[in-house]
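What follows is a set of notes on a single structure, which appears directly below.
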Amino acid sequence: MNQPAAHRPGSAPMAAFDADALAELEELFGRSRLMDLLDVLDREIASRFDPPASEPSRLAQDAHILVSSSGGLSFHDLSGACAALERACLSGAEIAVPLGTAIHAARHARQAIATLRAA
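To convert, note that position 1 of the sequence shown is 138 in my numbering; the numbers rise steadily by one, no gaps.
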């Protein structure tokens with residue numbers, strides 16, 4: 138099985154995604170299709186969080202969409218951070234910390250996607 142660039146030293150930070158799961162997706166879909174899917178995720182992250190919505194209900198919707206799209210491509214840190222952000226928005230809790238965590242995870246994911254594309 139060909140492993141994505143994440144397994145190569147000096148490439149994308151491995152904490153951004155599950156490298157084994159991404160390797161399985163690459164084997165299943167092929168590199169070209171996986172890169173297309175990662176490009177879609179990258180654009181989705183940018184459209185949802187650059188900048189993030191200011192209204193909690195809209196932010197909850199944006200986070201909800203990223204939970205599944207990022208999780209499906211093995212970006213579990215981003216998916217989990219978005220799930221926590223969605224819960225905070227829907228419950229009326231303070232959102233500054235979960236939003237900051239989600240934004241950090243989103244940046245990390247986008248950096249990893251850029252590195253994977255360049256490999």
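All C-beta atoms, glycine included, are put in the ideal place defined by N, C-alpha and C.
Bear in mind that the values here come from a model prediction, so they are computed numbers and not experimental data.
- In the DSSP assignment, Pro189 forms a beta bridge with Phe186.
- Counting C-beta atoms within 10 angstroms of its own C-beta, Pro235 has 16 or more neighbours from the protein chains shown and is therefore classed as buried.
- Contact between Phe212 and Ala153 holds, since their C-beta atoms are separated by about 6 Å, short of 8 Å.
- Rounded to whole angstroms, the gap between the alpha carbons of Ala190 and Leu253 is 28 Å.
- Remark: C-beta atoms of His201 and Glu223 approach each other more closely than 7 Å.
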